[in-house]
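Going down the list, the protein sequences come from chains A and B. Its first residue numbered 1, the first sequence is counted upward by one per residue in this note's numbering. Its first residue numbered 1, the second sequence is counted upward by one per residue in this note's numbering. Since the structure comes first, as structure tokens, the remarks are kept for the end.
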Amino acid sequence: MSGDDFSYLVSALPFLLRGLVLTVQVTFVSFAIALVVGLPVFLGSVSGNKLIRSVSRAYVTAVRNTPLLAQLYLYFFLLASYGILLPPLVAGILALSTQFSAYVAEAYRGAYESVPAGQWEAAISVGLRRWPTLFLVAGPQALRPALPVLANILIQMLKDSSVLSVITLTEVFGATKELANQSFQYTILYLTLGLLYLAVSYPWGRATAWLERRLGTFN
Amino acid sequence: MSTEPSKGAAVGFEGVTKAYGDHVVLDNLTLHIEAGECVAIIGPSGSGKTTVLRCMVGFAPIDDGKIHVGSATVVPVSGSRSERKLAREQLRSVRSQLGMVFQQFNLFPHLTALNNVTLGPRQAGLAREPAEDLAQQLLSQVGLAEKGSSYPRQLSGGQQQRVAIARALAMQPSVMLFDEVTSALDPEMVGDILRLIRGLTETSAMTILLVTHEMEFAELVADRVIFMEGGVIVEQGPPEQIFNSPQEKRTIQFLRSLKDKGG
Chain A
1 MSGDDFSYLV
11 SALPFLLRGL
21 VLTVQVTFVS
31 FAIALVVGLP
41 VFLGSVSGNK
51 LIRSVSRAYV
61 TAVRNTPLLA
71 QLYLYFFLLA
81 SYGILLPPLV
91 AGILALSTQF
101 SAYVAEAYRG
111 AYESVPAGQW
121 EAAISVGLRR
131 WPTLFLVAGP
141 QALRPALPVL
151 ANILIQMLKD
161 SSVLSVITLT
171 EVFGATKELA
181 NQSFQYTILY
191 LTLGLLYLAV
201 SYPWGRATAW
211 LERRLGTFN
Chain B
1 MSTEPSKGAA
11 VGFEGVTKAY
21 GDHVVLDNLT
31 LHIEAGECVA
41 IIGPSGSGKT
51 TVLRCMVGFA
61 PIDDGKIHVG
71 SATVVPVSGS
81 RSERKLAREQ
91 LRSVRSQLGM
101 VFQQFNLFPH
111 LTALNNVTLG
121 PRQAGLAREP
131 AEDLAQQLLS
141 QVGLAEKGSS
151 YPRQLSGGQQ
161 QRVAIARALA
171 MQPSVMLFDE
181 VTSALDPEMV
191 GDILRLIRGL
201 TETSAMTILL
211 VTHEMEFAEL
221 VADRVIFMEG
231 GVIVEQGPPE
241 QIFNSPQEKR
251 TIQFLRSLKD
261 KGG
């Protein structure tokens, strides 16, 4: 890297970092919403009621099988054509959390199904009904297997939030693109962009691994 | 919830049938067990003996017939919405009288031994302190007074099974179901568990149904032994009769096959 490249990067960095902060904020807010919305979707998908079950599974199927970009345009442009104007930030968070709520719900379901049938039978045998069993027996045991899957979802969200640049949000990808269009310093900017994503997601991966060890295994 | 020893309840199977697809596991089974009686069910694997217990608890929903436990009755869950609702309510009422111990222990791995025992009583509305006192008392009874704060993974198989017995007893069941409870244990642990169960048969008034491969044990503790094969009761009677002078050819063959294996 030449001295010019380096000094350019130093001048660009504050703008990039502001973008990165927005990226992380959007990711965390959307992840939190997805964790919450995913819960009723998951509960619906394992409900004893056929109608609730099919509504919930239809939601997962519809959301998972359409591109994030399409959902983003749906919130931003399509709603706008009906007079509902969402600010880019809101539309972006909505799209991300909608898309990933389906993945989160599936993560919950996978973890739930990993709890052996014998645990349900034991709970029933000491008089527990469905909900107490879910929250006191199955839930705590599902936490550990859910964790790595949820961590992957979080990292996937971080990267996919770059899509929000198409609706004018200057999160870190949008910021990079903007700078690159002005300066033509593609190589240095996009390399830096990659490193910035890595710098954020790598510690998350480590933190998850640590948390997994902390939770340990039950058996 | 009182801490008095529970009274036994009578159990009655009336024409109970259970099939998985074309495979009939229980074939029009009729069986009456008196309150306080200890009945051992023996038979080759696939004979339907475990299914007898699983139908009582509703883990294997029955297709036809009735199972009476005390004043409640398990019936097939079918018919109109209100009939199904009624059937489920009855099932809950049956379950509330049953205690069950499993082949694989099925302890809750995320809870301590003490909390494994208190979970049921706590959910039934017992306050924390009396629930913990009850649990501590039961853990002492099964010889694990010092292990209340251990997690299942820190206990041996035999110890886990003893916790599971304490957990079942905490619900003060009138009928205890033991489903091959020594099959997953190391041989040196089997004796402990069997002694514990034998103690229960002698000191409590509970009705006890045990499915077992331990013939000597069945002979020792049971008031009546039932030999099942192919989803039907082939022969039943007092242990001395079944083991010393069985009448049915299939019973004789089964007992001989065990002897040949050195069992």
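Beta carbons are placed, not taken as given, at the ideal position from N, Cα and C, and that holds for glycine. These figures come from a predicted structure and were not determined experimentally.
Taking Cβ positions, are Val57 of chain B and Leu98 of chain B nearer each other than 7 Å? yes
Identify whether Ile41 of chain B lies in helix, strand or coil by the three-state DSSP scheme. strand
Contact set between Arg95 of chain B and chain A, taken where Cβ atoms lie within less than 9 Å: Ile124, Ser125, Gly127
Could you check the C-alpha separation between Pro116 of chain A and Ala60 of chain B for me, to the nearest Å? 16 Å
Contact set between Pro140 of chain A and chain B, taken where Cβ atoms lie within less than 7 Å: His110
In chain order, what are the residue ranges of uninterrupted alpha helix (DSSP H) at least 4 long that sit wholly in the region 134 to 197 of chain B? 157 to 169
For Val24 of chain A, which of A:Ser161, A:Ser81, A:Gly205, A:Thr208 has the nearest alpha-carbon? A:Ser161
Say whether chain B places a C-beta atom closer than 7 Å to the C-beta of Glu121 of chain A. yes
Report, in whole angstroms, the separation of the C-beta atoms of Val211 of chain B and Ile41 of chain B, which I expect to be a contact under 8 Å. 5 Å
Using 8 Å as the threshold, is the region 174 to 192 of chain A in touch with the region 5 to 12 of chain A, meaning 3 or more CB pairs across them? yes
Buried versus exposed call for His110 of chain B [16 or more other C-beta atoms within 10 Å across all chains shown]: buried
What's the call for Gly3 of chain A, buried or exposed, on a 16-neighbour Cβ count within 10 Å? exposed
Only counting runs of 4 or more residues, tell me where the alpha helix (DSSP H) segments fall wholly within the region 59 to 127 of chain B, in order along the chain. 81 to 95, 113 to 123
Compare the C-alpha of Val163 of chain B against each of B:Val175, B:Leu196, B:Arg122, B:Ser183 and name the closest. B:Leu196
In chain order, what residues of the same chain lie with their CB nearer than 6 Å to the CB of Ser93 of chain B, ignoring the 5 residues before and after it? Ala72
Can you pull the chain A residues whose beta carbon is under 9 Å from the beta carbon of Val25 of chain B, in chain order? Neighbours of Val25 of chain B on chain A: none; closest Cβ ~17 Å, over 9 Å.
Since Arg81 of chain B meets chain A, which of its residues come closer than 8 Å, beta carbon to beta carbon? In chain order: nothing, as chain A lies at least about 12 Å away.
Can you list, in chain order, the residues of its chain whose CB lies under 6 Å from that of Leu31 of chain B, leaving out five sequence neighbours each side? Phe13
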